[in-house]
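Visitor:
In the numbering used here, the protein residues as written are -17 to 125.
This is the structure we're talking about:
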């Protein structure tokens, strides 16, 4: 029996995953969590990882995907009451392994500029600021 708390998402995780994203202030009115989960799971080079050290209790998540050029990570969340326990680090490590297995050369992510804690976390893991500007255009009527 494996003691690794990081595993792929299961449909029974849905309510806990969405509640965790809300608790971590990751959701936005224009991003439907169910649609985001569905799109990640239907794409063979994407997955949603969960951290569940206790059966039936999701304490962390990370969505990861590879578009053929770069890997991307989204929805990194760890239970606010369990921060500092290595949940996020374990999820990032597993996501990096997932991407390496697909031949992905580089992983990128976006962090809101006001999220100093997340920026510091990624700095400690060796993620560097890039000289890029993110632009977006809604293709499906988002706001």
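Virtual Cβ for every residue (Gly too), placed ideally from N, Cα, C.
Going by DSSP in three states, residue 109 sits in which element: helix, strand or coil?
Guide: Numbered from its first residue, the chain shown carries residue 109 at position 127. Three-state result, residue 109: coil.
Visitor: Residue 40 and residue -14 - do their beta-carbons sit closer together than 8 Å?
Guide: As a working mapping, residue -14 is identified with position 4 in the chain shown. As a working mapping, residue 40 is identified with position 58 in the chain shown. Against a cut-off of 8 Å, the Cβ pair of residue 40 and residue -14 comes out as no contact.
Visitor: So, helix, strand or coil for residue 54, using DSSP?
Guide: For this step, residue 54 is matched to residue 72 along the chain shown. Here residue 54 sits in strand by DSSP.
Visitor: Can you tell me the Cα-Cα spacing of residue 68 and residue 52, whole angstroms?
Guide: The sequence position of residue 68 within the chain shown is 86, counting from 1. The sequence position of residue 52 within the chain shown is 70, counting from 1. Approximately 25 Å between the Cα atoms of the pair.
Visitor: List the whole-angstrom C-beta distance separating residue 84 from residue 56, where the pair is believed to meet the contact cut-off of C-beta under 8 Å.
Guide: Here residue 84 refers to the residue found at position 102 when the chain shown is read from its first residue. Here residue 56 refers to the residue found at position 74 when the chain shown is read from its first residue. About 16 Å; that fails the 8 Å criterion.
Visitor: Would residue 25 be called buried (16 or more neighbouring beta carbons within 10 Å of its own) or exposed?
Guide: Within the chain shown, numbered from 1, the residue matching residue 25 stands at position 43. When all chains shown are included, residue 25 counts as exposed.
Visitor: Whose C-alpha, out of 72, -9, 44, 2, is nearest the C-alpha of residue 62?
Guide: Here residue 62 refers to the residue found at position 80 of the chain shown. Measuring from the Cα of residue 62, the nearest candidate turns out to be 2.
Visitor: Could you check if residue 96 is buried or exposed, using at least 16 other CB atoms within 10 Å of its CB as the buried criterion?
Guide: Here residue 96 refers to the residue found at position 114 when the chain shown is read from its first residue. That one is exposed.
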